[in-house]
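Numbering (my numbering), first residue to last: 25 to 395.
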Ligand SMILES: *[C@@H]1O[C@H](CO)[C@@H](O)[C@H](O)[C@H]1NC(C)=O
């Protein structure tokens, strides 16, 4: 009796084991089948730079405390926020990375084919479409970011061949986010561009640079390209501090900067439409997707209680009015709960705000994954 009981238990365990193995097998097969995104490649500025600037000679860095405060062990990675960027959330959502999308220039990444295959960011904080912008901040210009991508592509070709790499690129998602520095750091702050361009002229000049960037990516074989617009720039704490008649008392968004952003986004969408039309007419399978960051961020400002934000016009770091990069350092007081803040420093969103942005992008990402 005792023996057959043991035997029965043994058979029962065997059945469970078989069922579990079958389940594992089917879910794994399914995961492979659904894996429509082969890799994720990112270009742009601090909104998507995971730390490339750590490896170049610039003052636009953030690889020191309190940046990265909400990572385990509070490791400052070079991301300009307290934790993850929206692109980190996207990379794990589409299944190419477990947690974080790494920086291409990271010595642990630059020659690591597994990392290069699943995705990296070439972005550089302080960069922009106007060639003058990255030269002001001595950071990586966008044409140089493209050159790094070509270098990355060569490394893949050495391992999976030219055709293998072509197929890989076809199924990869490309993501570009820049433009804010061109307006906030360059056009509205320094005289050079303002003296030679009207606002509309400058917007058109930037759109032309965006177009060149996209054409180069398409020429490299990219078929799924996402490009973000610019945020309500008049709501950045730094812009409010620099331009409000009384920066301590009057901290509402400054309309003329946000409206410049809105107009630029409009022009950008028109240009993308024209480009898509030409792609369609030449039977190209390539798709360019615009993602709006303006409205989701404007919503976070307007309906801040809904998002749990108690402060939407000053950063969590220091006074919150001016500190960013070198000025936001370990000597600064930091707010006790960054998730109650929309901004981490005077320019950059908190991880919480980046997560909300990711949620706003989700439907577009789903659409890309299923196409
Ligand atoms: C391009 O083609 C797609 C269908 O493949 C269509 O949905 C889209 O509206 C077209 N876009 C333009 C601008 O012609």
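Glycine included, each C-beta is placed from N, C-alpha and C at the ideal position.
Tell me which same chain residues have a C-beta within less than 6 Å of the C-beta of residue 371, skipping the five on either side of it?
-> For the purposes of this step, residue 371 is taken as the residue at position 347 of the chain shown. Once the five neighbours on either side are set aside, the close Cβ partners of residue 371 are 260, 262 and 348.
Measuring alpha carbon to alpha carbon, tell me which of 210, 282 and 367 ends up nearest residue 157.
-> Indexing the chain shown from 1 puts residue 157 at position 133. It is 210 whose Cα lies nearest to the Cα of residue 157.
Identify the residues that DSSP records as bridge partners of residue 95: which are they?
-> Indexing the chain shown from 1 puts residue 95 at position 71. In the DSSP output, where bridge partners are listed per residue, residue 95 has none listed.
Where are the alpha helix (DSSP H) runs, 4 residues long or more, that stay fully inside the region 121-165, in chain order?
-> 137-142 and 156-161
Where residue 311 falls: helix, strand or coil (DSSP) | What you label residue 311 is simply residue 287 of the chain shown in a count that begins at 1. Reduced to three states, the DSSP call for residue 311 is strand.
To the nearest angstrom, report how far apart residue 148 and residue 302 are at their CA atoms.
-> Here the question's residue 148 lines up with position 124 in the chain shown. Here the question's residue 302 lines up with position 278 in the chain shown. The alpha-carbon atoms of residue 148 and residue 302 are separated by roughly 30 Å.
Going by the beta-carbon positions, is the gap between residue 295 and residue 231 smaller than 9 Å?
-> Reading the chain shown from its first residue, position 271 is the one you call residue 295. Reading the chain shown from its first residue, position 207 is the one you call residue 231. Contact flag set, yes.
May I ask you to report which of helix, strand or coil DSSP gives residue 252?
-> The count along the chain shown starts at 1 and reaches residue 252 at position 228. If DSSP states are grouped into helix, strand and coil, residue 252 belongs with the strands.
Contact set for residue 212: own chain, Cβ-Cβ below 7 Å, skip 5 residues either direction = Position 188 of the chain shown, counted from the first residue, corresponds to residue 212. 281, listed in sequence order.
Where the beta strand (DSSP E) through residue 363 begins and ends = As a working note, residue 363 is residue 339 in the chain shown. Careful: residue 363 lies outside any beta strand (DSSP E) and carries neither H nor E.
Of all the options 143, 275 and 317, which has the alpha carbon lying nearest to the alpha carbon of residue 345?
-> In the chain shown, counting from the first residue as 1, residue 345 sits at position 321. Of the listed residues, the one whose Cα sits closest to residue 345 is 275.
Reduced DSSP secondary structure (H/G/I, E/B, other) of residue 385 | As a working mapping, residue 385 is identified with position 361 in the chain shown. Helix at residue 385.
Proximity to residue 333 [Cα-Cα], best of 364, 354, 308 and 343 = The sequence position of residue 333 within the chain shown is 309, counting from 1. Nearest C-alpha to residue 333: 364.
Is residue 58 buried or exposed, if buried means 16 or more other CB atoms sit within 10 Å of its CB?
-> Residue 58 sits at position 34 when you count from the first residue of the chain shown. Annotation note: pLDDT 48 at residue 58 (below 50); position unreliable, coordinate value reported separately. Counting Cβ neighbours within 10 Å, residue 58 comes out exposed, since fewer than 16 surround it.
DSSP three-state assignment for residue 57, whether helix, strand or coil | On the chain shown, position 33 is the one that residue 57 refers to. Bear in mind that a pLDDT of 42 at residue 57, under 50, signals an unreliable position, so the number given afterwards is only what the model happens to contain. Residue 57: helix per DSSP, three-state reduction.
To which residues of the same chain is residue 137 closer than 6 Å at the C-beta, ignoring the five residues directly before and after it?
-> Start at 1 with the first residue of the chain shown, and residue 137 comes out as number 113. 183, listed in sequence order.
Say the cut is 8 Å; is the CB of residue 304 nearer than that to a heavy atom of ligand 1?
-> By 1-based counting over the chain shown, the position of residue 304 is 280. Within the cutoff, so yes.
Can we say the region 193-212 touches the region 61-81, given the rule of at least three CB pairs closer than 8 Å?
-> yes
Considering only residues of the same chain and omitting the five flanking positions on each side of residue 189, which have a CB-CB separation below 8 Å?
-> In the chain shown, counting from the first residue as 1, residue 189 sits at position 165. Within the same chain, residue 189 has close Cβ partners 177, 180 and 181.
How many Å lie between residue 115 and residue 357 at the Cα?
-> Here residue 115 refers to the residue found at position 91 of the chain shown. Here residue 357 refers to the residue found at position 333 of the chain shown. Cα to Cα, residue 115 sits roughly 32 Å from residue 357.
Could you check which residue in 234, 126 and 315 has the C-alpha nearest to that of residue 140?
-> Start at 1 with the first residue of the chain shown, and residue 140 comes out as number 116. The option with the nearest alpha carbon to residue 140 is 126.
To which residues of the same chain is residue 78 closer than 6 Å at the C-beta, ignoring the five residues directly before and after it?
-> Position 54 of the chain shown, counted from the first residue, corresponds to residue 78. If we look at residue 78 and ignore the five residues flanking it on each side, its Cβ neighbours are 87 and 102.
Who does residue 373 pair with in a DSSP beta bridge?
-> In the chain shown, counting from the first residue as 1, residue 373 sits at position 349. Beta-bridge pairing links residue 373 to 367.
Give me the Cα-Cα distance between residue 337 and residue 272, rounded to the nearest whole angstrom.
-> On the chain shown, residue 337 is found 313 positions in, with the first residue counted as 1. On the chain shown, residue 272 is found 248 positions in, with the first residue counted as 1. Looking at the two C-alpha atoms, the distance is approximately 11 Å.
Cut-off 8 Å between Cβ atoms - residues of its own chain near residue 324, not counting five sequence neighbours on either side = Counting from 1 along the chain shown, the entry for residue 324 is found at position 300. Same-chain partners within the cutoff: 331, 333, 336, 366, 377 and 380.
Answer yes or no: the CB of residue 394 versus the heavy atoms of ligand 1, is any distance below 8 Å?
-> Reading the chain shown from its first residue, position 370 is the one you call residue 394. Result no, Cβ not under 8 Å from ligand 1.
Just to confirm, does residue 300 get its C-beta within under 8 Å of one of the non-hydrogen atoms of ligand 3?
-> Absence of ligand 3 is noted for the structure shown, with ligand 1 being the only ligands found.
Would you grab the beta carbon distance between residue 254 and residue 298 for me? Rounded to a whole angstrom, and I think it's under 8 Å.
-> Within the chain shown, numbered from 1, the residue matching residue 254 stands at position 230. Within the chain shown, numbered from 1, the residue matching residue 298 stands at position 274. At roughly 19 Å, the Cβ-Cβ gap does not stay under 8 Å, so residue 254 and residue 298 are not in contact.
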